[in-house]
Amino acid sequence: MRAAVLAGPGDVRVEQVPDPVLPGPSGVIITVARTAICGSDLHLYHSAPTGTGIQLGHEAIGTVVEAGPDVRTVRPGDRVLVSGFIGCGTCRPCLAGQPNVCGNGAGAALGTTLDLPGGQSEALAVPFADSFVLPIPDGMADEEAVALTDILPTGYLGAARADIRPGSTVAIVGLGPVGIMALQCARLFGPARILAIDMVPERLARAERLGAEPIDARQAPAAEQVRAATAGKGAESVIEAVGADASVLDAVSCAAPGGTVSIVGVNLTMTLPFPMGVVFLNSLTLRAVVAGIPGTWPALVPLVQSGRFTLAETFTHHMGLSRAPEAYQLFDSRGDGVLKVLLDPNG
Ligand SMILES: NC(=O)c1ccc[n+]([C@@H]2O[C@H](COP(=O)([O-])OP(=O)(O)OC[C@H]3O[C@@H](n4cnc5c(N)ncnc54)[C@H](O)[C@@H]3O)[C@@H](O)[C@H]2O)c1
Ligand SMILES: [Zn+2]
Ligand SMILES: [Zn+2]
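Quick note: the sequence shown uses this note's numbering, first residue -17, plus one each step.
Now the structure itself:
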């Protein structure tokens, strides 16, 4: 089959790779119908930190073609979406939908290591399907289902862990696909204002259309602008959805005394010089999370079905899998109004 493979930093190729094999009696194989590129893939794309030869992708939906004898919740022929992050599938956190805190240390994103081939491919093997695969409800659009594999759960957790109270002010640092999901999920908790920070004009405009107040970080430091917009106070809740050192520091600086900073951007820095004095003197609460994706589905699936989110427009570019190298370049450049690229393995 064909798959998008990371050949080196900045070098994605579509190559012939072996077909997936059933990953044990609890696993399934799906033919991939749609798959998306994520900001997390860009971390790999920039520096290939986990090596080359990786079959990329952790956001995929498709049809089950083979199911192991122990699988109970899905059958061949079912249209399914896959959790972008999986674990051992048997421990208490995994059974509760939180493979990010897998008790057996087996938590991992699909398509990030050589051992766990990803979904930007024609077919995908998923272990422990009962824990990590969900039948797609009738009537749910492909884009909605793909959003549920990672970005919507991540945005939701960013918002749900930010202590947002009715009438309060939220700041969101970073308006990529994850920030845009966080913005829409923040609204579920009833804030009066959402300040949306980025430096890409189309992304700021999109946030404004979704009811937020855009803050262009190119014009002045984000924290300065957030303070100016809040009579010097800052935002009670801040969601960081970038993953850079600078954006973590910005998020801390935007927070009001007693506020909460909820981090979902992937940042693997081990020695970040940190303004501990600001955190301490302002009595801030800091949270960070790798998304426990299946655990969010009971809340998010009905919300998606009720039309609560604007999801289809998130996928600004639709391309065939054969154009994955170009799709990565485009998404990385943030040009042409791109927010998210949806790939079709048939193309
Ligand atoms: N926690 C999780 O489980 C999880 C899941 C999915 C994605 N992520 C992470 O979320 C982050 C965002 O993902 P994405 O797909 O939206 O990526 P993206 O790269 O498309 O978006 C990042 C956005 O941040 C903006 N930005 C950069 N520096 C900034 C700054 N200092 N201030 C304000 N904005 C700034 C960029 O212009 C861009 O619009 C990534 O780090 C990704 O790895 C985490
Ligand atoms: Zn992702
Ligand atoms: Zn586990």
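Note that the Cβ used here is the ideal one computed from N, Cα and C, for glycine as well.
- In the three-state DSSP reduction, VAL128 falls in the helix class (H, G or I).
- Counting C-beta pairs closer than 8 Å gives fewer than three between the stretch 148 to 166 and the stretch 93 to 102, which falls short of the contact rule.
- When DSSP states are grouped into helix, strand and coil, ARG200 belongs to the coil group.
- In the structure shown, ARG(-16) adopts extended strand secondary structure according to DSSP, grouped into three states.
- THR131 has its CB no nearer than 6 Å to any heavy atom of ligand 1.
- Rounded to whole angstroms, the gap between the alpha carbons of PRO58 and GLY44 is 11 Å.
- Taking a 10 Å sphere around the C-beta of ASN82, we find 16 or more other C-beta atoms and assign the residue as buried.
- The secondary-structure analysis by DSSP pairs PRO159 with nothing; it has no beta-bridge partner.
- Fully contained in the stretch 246 to 324 are the following alpha helix (DSSP H) runs of length 4 or more, in chain order: 258 to 263, 279 to 287 and 306 to 315.
- Nearest C-alpha to GLY259 among LEU231, GLU184 and GLY317: LEU231.
- The secondary-structure analysis by DSSP pairs PRO117 across a beta bridge with VAL62.
- The alpha-carbon of PRO203 is positioned some 14 Å away from that of LEU177.
- The beta-bridge partner set that DSSP reports for PHE67 consists of ALA91.
- Under DSSP, SER219 shares a beta bridge with VAL152 and THR242.
- When C-beta atoms of the stretch 269 to 282 are compared with those of the stretch 126 to 139, three or more pairs fall below 8 Å, so the two segments count as touching.
- For LYS215, the closest of ALA123, VAL234 and LEU26 by C-alpha to C-alpha distance is VAL234.
- For VAL(-4), the three-state secondary structure derived from DSSP is strand.
- For ligand 3, a non-hydrogen atom lies closer than 6 Å to the CB of GLY85.
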